[in-house]
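*Asks:* In this note's numbering, the protein residues as written are 2 to 214.
We put the beta carbon where it would ideally sit given N, CA and C, even for glycine.
Note that the structure is predicted; figures quoted are calculated from it, not measured.
Below are the structure tokens for one structure; questions will follow.
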Amino acid sequence: MATFGTLITKASTRLKDANNTAVSRPDVAATINDAISHWSDERFWFNEFQETVTLVQNDPILPALSVTPLFLFDQGGIVIDYAQTRWPTRKVSSDEYDRMNVEGRGIPFAWTYRDGQYELYWYPDAAYSTIVRGVKAYTPFATDGSQDSQSNDFTNEAADLILYETLSRLFGEFRQDPKMEEYYANRALNEKAMLKTRTRRLVGTGRIQVEGF
């Protein structure tokens, strides 16, 4: 586990610039935010979320969540929980959604994302309990030092991944040292592989899943 400030210090030290004379502390902090943003697209066990919301009858829009989703899972991203049965929905394109949409009512079976929101179809004919699963988005840390004591899932569970990605970017963009840039980029990839292996052990089934409609 590490705080944002801890990672800033570690990166500056490994950059051989502990006093931040060559690369300013705000620049190091901003690069850490960039590294977190870069790896947020990957699905790890620690950046997944599951939340239950209640649909609004006759409203196709998925209600707001307590977390900000980066994306929902294509399979199992939205599941209706009704009458002791789980009703998975499937992701469709915006065009397919419009072609099927005759504003029918029922238990939703499909969804699409557009205009910053998730739209369900059928339009729910009741206030269904709905399980939502996906990957979280992360708000960047402030770079002025006010949030140095804070942490998030990536600093807690993938501190080395973020540190190596940060150092690769700092050496490449600020120090113009391609050898060290490549060295830390490779270390980041190795760390990512280890985290993905751990993720598969925790959440993988060991079976190939074929999606059917």
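1) So, do the segment 159–179 and the segment 94–111 have three or more beta carbon pairs nearer to each other than 8 Å?
2) Identify which residue in Ile37, Ser130, Glu97 and Asn59 has its Cα closest to the Cα of valine 80.
3) Tell me, please, whether the CB atom of threonine 131 is closer than 8 Å to any CB atom in chain B?
4) Tell me, which residues are paired with lysine 92 by DSSP?
5) On the DSSP bridge assignment, give the partners of valine 54 in chain order.
6) Quick check on the burial criterion: 16 or more other C-beta atoms within 10 angstroms. Buried or exposed for valine 204?
7) Alanine 30: which of Gly6, Ala23 and Arg15 sits nearest, CA to CA?
8) Can you give me the C-alpha to C-alpha distance between lysine 11 and glycine 135, rounded to a whole angstrom?
9) Would you kindly report the start and end of the unbroken beta strand (DSSP E) that includes leucine 71?
10) Give me, in chain order, the residues of the same chain whose beta-carbon lies closer than 7 Å to that of glutamate 166; leave out the 5 immediate sequence neighbours on both sides.
11) When we look at the beta-carbon of glycine 105 and count the other beta-carbons within 10 Å, is it buried (16 or more) or exposed?
12) If you follow the beta strand (DSSP E) that glutamate 120 is in, where does it begin and where does it stop?
13) Can you tell me which of the three DSSP states glycine 78 falls into?
14) Taking the alpha helix (DSSP H) that threonine 200 belongs to, which residues open and close that run?
15) Kindly give me the distance between the Cβ atoms of valine 57 and alanine 128, rounded to whole angstroms, as I take these residues to be in contact under 8 Å.
16) Just list the residues that DSSP pairs proline 125 with in beta bridges.
17) Mark glycine 117 as exposed unless 16 or more other C-beta atoms lie within 10 angstroms of its C-beta, in which case mark it buried.
18) Given a cut-off of 8 Å on the beta-carbon distance, is the pair valine 63 and tyrosine 119 in contact?
19) When you compare the CB positions of leucine 16 and threonine 156, do they come within less than 8 Å of one another, or not?
20) Under 8 Å by Cβ, that's how I've got threonine 200 and tryptophan 46 pegged, so tell me the actual separation to the nearest angstrom.
*Replies:* Reading it off the structure:
1) Not touching, per the Cβ criterion.
2) On the sequence shown, residue 80 is found 79 positions in, with the first residue counted as 1. Checking every option, the nearest Cα to that of valine 80 belongs to Ser130.
3) Protein chains in the displayed structure number just one, and chain B is not present.
4) The residue labelled residue 92 in the question sits at position 91 within the sequence shown. Residue pairing of lysine 92 in beta bridges, as defined by DSSP: Trp112.
5) Against the sequence shown, residue 54 aligns to sequence position 53. Per the DSSP secondary-structure output, valine 54 pairs in a beta bridge with Thr131.
6) Numbered from 1 along the sequence shown, position 203 holds the residue referred to as residue 204. By the neighbour-count criterion, in which 16 or more other beta carbons inside 10 Å mark a residue as buried, valine 204 falls on the exposed side.
7) Here the question's residue 30 lines up with position 29 in the sequence shown. By alpha-carbon distance to alanine 30, the top candidate from Gly6, Ala23 and Arg15 is Gly6.
8) Counted from its first residue, the sequence shown places residue 11 at position 10. Counted from its first residue, the sequence shown places residue 135 at position 134. The C-alpha of lysine 11 lies about 31 Å from the C-alpha of glycine 135.
9) Start at 1 with the first residue of the sequence shown, and residue 71 comes out as number 70. Residues 70–73.
10) Here residue 166 corresponds to residue number 165 of the sequence shown, with the count starting at 1. Excluding sequence neighbours, glutamate 166 sits near Ala36, His39, Trp40 and Ala189.
11) One-based indexing of the sequence shown puts residue 105 at position 104. Classification for glycine 105: exposed.
12) Along the sequence shown, one-based indexing puts residue 120 at 119. Run containing glutamate 120: 118–122, per the beta strand (DSSP E) assignment.
13) Counting from one through the sequence shown, the residue named residue 78 turns up at place 77. Annotated three-state conformation of glycine 78 is strand, per DSSP.
14) Here residue 200 corresponds to residue number 199 of the sequence shown, with the count starting at 1. In the DSSP annotation of this structure, the continuous segment of the alpha helix (DSSP H) that includes threonine 200 starts and ends at 179–204.
15) As a first step, residue 57 must be located in the sequence shown, where it is residue number 56. As a first step, residue 128 must be located in the sequence shown, where it is residue number 127. Going by Cβ atoms, the distance from valine 57 to alanine 128 rounds to 7 Å, so yes, they are a contact pair.
16) Along the sequence shown, read from residue 1 onward, the residue named residue 125 stands at position 124. Beta-bridge pairing links proline 125 to Gly107.
17) Reading the sequence shown from its first residue, position 116 is the one you call residue 117. Exposed, since its Cβ has fewer than 16 Cβ neighbours within 10 Å.
18) Mapped onto the sequence shown, residue 63 falls at position 62. Mapped onto the sequence shown, residue 119 falls at position 118. It should be pointed out that residue 63 corresponds to leucine in this sequence rather than to valine. In contact: leucine 63 and tyrosine 119 (Cβ atoms closer than 8 Å).
19) Here residue 16 refers to the residue found at position 15 when the sequence shown is read from its first residue. Here residue 156 refers to the residue found at position 155 when the sequence shown is read from its first residue. For leucine 16 and threonine 156, no; Cβs fall outside 8 Å.
20) Locating residue 200 in the sequence shown gives position 199, where the first residue counts as 1. Locating residue 46 in the sequence shown gives position 45, where the first residue counts as 1. Their Cβ separation, rounded to whole angstroms, is 5 Å, which keeps threonine 200 and tryptophan 46 in contact under 8 Å.
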